[in-house]
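Encoded as structure tokens, the structure appears first; notes follow it.
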Amino acid sequence: MARKTAPKSKAAARTPSAARASGALLQHDVEQFLYRQAELLDTRQWQQWIDLFAEDGIYWMPPDPSHTTWEGMPAIFAEDRNLMTVRMKRLLHPDAWSQRPLWGTNHVVSNVVIEKATPAEVHVRSRFHMLELRRDDVRHFAGSYRHELQRTKDGFRIKLQRVDMTNAQAAYDYVLQAWV
278 MARKTAPKSK
288 AAARTPSAAR
298 ASGALLQHDV
308 EQFLYRQAEL
318 LDTRQWQQWI
328 DLFAEDGIYW
338 MPPDPSHTTW
348 EGMPAIFAED
358 RNLMTVRMKR
368 LLHPDAWSQR
378 PLWGTNHVVS
388 NVVIEKATPA
398 EVHVRSRFHM
408 LELRRDDVRH
418 FAGSYRHELQ
428 RTKDGFRIKL
438 QRVDMTNAQA
448 AYDYVLQAWV
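Mapped onto the numbering used here, the consecutive letters of the sequence shown carry residue numbers 278 to 457.
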């Protein structure tokens, strides 16, 4: 015989738990941060993008997902803020032929999953697709991001951004110019 349960009050049904509300807010804040990061890259606001990194933040793209460190290992990118600034200045130089008209990117970030959250940091993984236009050539990159985000009074700062490209081993006709 089925047992009847008392229906929840309308107020209880509408009021999410504090933990659920906090988790949903964190999810939203992290997603908005990642979307803003993609927008800064696509609009070439590279200094603002670099400013999203912590003072000791690292942007790392290993050639293979099995790599666990960038120290002493080959990498497509392994840059701290100083190296990112050098790259940015090279890209913005008036004689940078790779930056002539008809060059740009379009990033799509999705499948954002918070793997760990503490009062000090948030670890996130997500997926991306990036389209790059360079003159008449279109290249497509896809893969996953792993972010270690620091919580600061000014919002999140990137301690580590790891980029694992699905097609990292593909043959390229030139070196990546900007960040994926």
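Using N, Cα and C, we set each Cβ at its ideal position, and we do this for glycine too.
What you are looking at is a predicted structure, and each value in this text was computed from that prediction instead of being measured.
Q. Near Ile391, what residues of its chain come up, given a Cβ to Cβ distance below 7 Å and the 5 sequence neighbours on each side ignored?
A. The beta carbon of Ile391 is closer than 7 Å to those of Leu303, Gln304, Val307, Val399, Val401 in its chain, skipping five residues each way along the sequence.
Q | Where Leu329 sits in the DSSP three-state scheme | A | Leu329: coil per DSSP, three-state reduction.
Q) Is Glu356 buried or exposed, if buried means 16 or more other CB atoms sit within 10 Å of its CB? A) Burial check for Glu356: the Cβ neighbour count within 10 Å reaches 16 or more, so the residue is buried.
Q.
If I follow the unbroken beta strand (DSSP E) through Val457, where does it start and stop?
A. It is not in any beta strand (DSSP E) - Val457 carries neither H nor E in the DSSP assignment.
Q: Taking only the alpha-carbon atoms, compute the straight-line gap between Ala315 and Ser294 and give it to the nearest angstrom.
A: So the alpha carbons of these two residues sit roughly 32 Å apart.
**Q.** Identified DSSP bridge partners for Leu437
**A.** Its beta-bridge partners are Ile335, Glu425.
Q.
Assuming contact is defined by CB atoms lying nearer than 8 Å, are Tyr336 and Trp456 in contact in what I supplied?
A. In contact: Tyr336 and Trp456 (Cβ atoms closer than 8 Å).
Q: Would you kindly check if the distance between the Cβ of Ala296 and the Cβ of Arg434 is under 8 Å?
A: At least 8 Å separates the beta-carbon of Arg434 from that of Ala296.
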